[in-house]
Structures are given as C-alpha cells and as structure tokens.
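Reviewing the structure listed below.
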Amino acid sequence: MNSNPINQNVLRFGYYSSLLLAIITFITFGLGIMAVPPVGPYCPGDCFEYPYLDSLSNYPKDYYWMFFSVFQLIIYVVFMVSVYFIAPAEKKINSFTGFAFALIATAVLMADYFVQFAVVPISLMKGEEDGIALLTQYNENGLFIALEELGYIMMALSLLFIAPVFSKHPALDRTLRWILYIPMPLIILFFIFYTVRYGIERSYRFEVAAIGIDWLALIIIGILAAIFFKRKLKKTI
Numbered sequence: 278m279n280s281n282p283i284n285q286n287v288l289r290f291g292y293y294s295s296l297l298l299a300i301i302t303f304i305t306f307g308l309g310i311m312a313v314p315p316v317g318p319y320c321p322g323d324c325f326e327y328p329y330l331d332s333l334s335n336y337p338k339d340y341y342w343m344f345f346s347v348f349q350l351i352i353y354v355v356f357m358v359s360v361y362f363i364a365p366a367e368k369k370i371n372s373f374t375g376f377a378f379a380l381i382a383t384a385v386l387m388a389d390y391f392v393q394f395a396v397v398p399i400s401l402m403k404g405e406e407d408g409i410a411l412l413t414q415y416n417e418n419g420l421f422i423a424l425e426e427l428g429y430i431m432m433a434l435s436l437l438f439i440a441p442v443f444s445k446h447p448a449l450d451r452t453l454r455w456i457l458y459i460p461m462p463l464i465i466l467f468f469i470f471y472t473v474r475y476g477i478e479r480s481y482r483f484e485v486a487a488i489g490i491d492w493l494a495l496i497i498i499g500i501l502a503a504i505f506f507k508r509k510l511k512k513t514i
C-alpha cells in the first residue's frame, strides 16, 4: 500500500471502527444477556402473557441493549466501508457486495430497534394498545423477532462476502478470513435445526442463536481487524 494521507486516513478509520465495534458489541452483548425475555421458551419466571400490556413494568431495563445496538450498527457500517477501501481491485466486488448486505442489515435492525423503544413504551403509557402485541419484543411470534432474524442473516452474509478481501497469509489475515466465513454456515445450521424440530413454532430460539453468533463474531473480528489495520498503518508511516 502506498504511503499517502488518503490511505492512512482509510486505515485509521478501519482501526478505530474495528476497535469500537469490538468494545460496543461486547457491552451490547452483556446488556442483552441481562435482558432475558420474560416470555417464551427461555422465560425465567413471571412470564408476560398475550397481549403483553403489562410489559411496561420492564421499561427501560429491557431496552438498554437496543440503544447500544443502534450505535453498534453505525460503527459496523463504518467498518464495512473501511474494508471496501482497503480491498484490492480484484476483491472490490466482494467488499462492495458485503457492504450492500451490511446496509440492508443495518436498515432493517435500526428501524426495528428504533420503533421498539420510540413507539411501544409511550403507546402503552398512553393506553394506545391497538397493534402493540404485533410490534412488541415480547411477542415471540411478532414482527420484532422476524425482522431481527432477517437483519442478522443479512449481517452474516455481509461478513461472508468480505472474507476473501483478507489474504491467506500471514496468520492474522488467515484467521480473520476464516472467522468471517463462520457465522453464515452456523446460522444456516441453526435455522435448519430449529425449523426441523419446531417448524413455524420455533419462537425466538433461532433469533437468539443468530444474534449470539453474529455478536460473538463481531467481537473477535473487531479485535483482529484492529490489529490488522494497525499493522498496515505502521507500514505507511
């Protein structure tokens, strides 16, 4: 890579976005684990019942992770842009396709989360309850879960497509490449498993698996990519 201000700026964007992606995903993951849904198969007790009108009692503690996830998604897009700009010419098609899927994932998930914390609580507070059962995160068969499933499938696809950008050598690049390949096959396996076992009544089991796989991957990818960009940056100085 040539030593010039443009390339250095790209590498700095890549380094800081990778580092922030790992950090904020770790925080979001922790908050998400603490917000165990009081409905469905993983309900720890005192479960909410349809139409979930008493779910306001869990506001705002069950929503904190969504606020962090919105910022996580912004950083994720910046990271994907950085990967596009460092991709060699013959791999631009891979990085651009990955970026396209990242935009789809971000648009779906950000809309899903923003509606959840900007619409559902205030509607319940004001007694505007029509349609809330379909929107709320506590409905294991609702729109929130379906959109999360779609969003995290798109995220895994985005990671899959940028994997070839990283060469097979040296060891760091190779490790990063293989970790980027892993989420999509795992998500497909979990989808098949839960669909075969539970059919259309899989509840949020697959959604939880998809989130866990993607977030764990993003933490590891963020750390490794930060090291990758840092090394590249040092070579331009």
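Per the numbering used here, residue 278 is the first one in the sequence shown, and the count goes up by one each step.
We put the beta carbon where it would ideally sit given N, CA and C, even for glycine.
Source: prediction; values computed, not measured.
Following the continuous alpha helix (DSSP H) through residue i, name the residue where it begins and the one where it ends.
i, result
"D491", "482–513"
"Q414", "Looking at the DSSP string, Q414 is not in any alpha helix (DSSP H), and its letter there is neither H nor E."
"F467", "460–475"
"K368", "Premise fails: K368 is in no alpha helix (DSSP H) and is neither H nor E."
"S400", "397–402"
Indicate the three-state DSSP secondary structure (helix, strand or coil) for residue i in the structure shown.
i, result
"S332", "helix"
"D339", "coil"
"R451", "helix"
"Y429", "helix"
"D389", "helix"
"G309", "helix"
"S435", "helix"
"E358", "In the sequence as displayed, the identity of residue 358 is Val instead of Glu. Here V358 sits in helix by DSSP."
"E326", "coil"
"N418", "coil"
In angstroms, rounded to a whole number, what distance separates the CA positions of residue i and residue j?
i, j, result
"K369", "A433", "18 angstroms"
"Q285", "P318", "49 angstroms"
"W455", "I500", "14 angstroms"
"R482", "K511", "44 angstroms"
"L333", "T513", "53 angstroms"
"K445", "T452", "8 angstroms"
"I304", "I439", "24 angstroms"
Give me, in chain order, the residues of the same chain whose beta-carbon lies closer than 7 angstroms to that of residue i; leave out the 5 immediate sequence neighbours on both sides.
i, result
"M431", "F378, I381, A382, V385"
Near residue i, what residues of its chain come up, given a Cβ to Cβ distance below 6 angstroms and the 5 sequence neighbours on each side ignored?
i, result
"G291", "S359, F506"
"I422", "Y481, E484"
"F362", "V287"
"A312", "D339, W342"
"F376", "M357, Y361"
Residues in the same chain with beta-carbon distance under 8 angstroms from residue i, minus the five sequence neighbours each way, listed in chain order, please.
i, result
"P518", "Outside the modelled stretch of the chain, which goes from 278 to 514, sits residue 518, for which no answer is possible."
**Item:** Inter-stretch contact at 8 angstroms, needing at least 3 Cβ pairs: the region 381–400 / the region 454–468
**Value:** With a cut-off of 8 angstroms on Cβ pairs, the region 381–400 is not in contact with the region 454–468, counting fewer than three such pairs.
**Message:** Tell me whether the region 467–479 and the region 407–414 touch, counting them as touching only if at least three CB pairs, one residue from each stretch, are closer than 8 angstroms.
**Reply:** no
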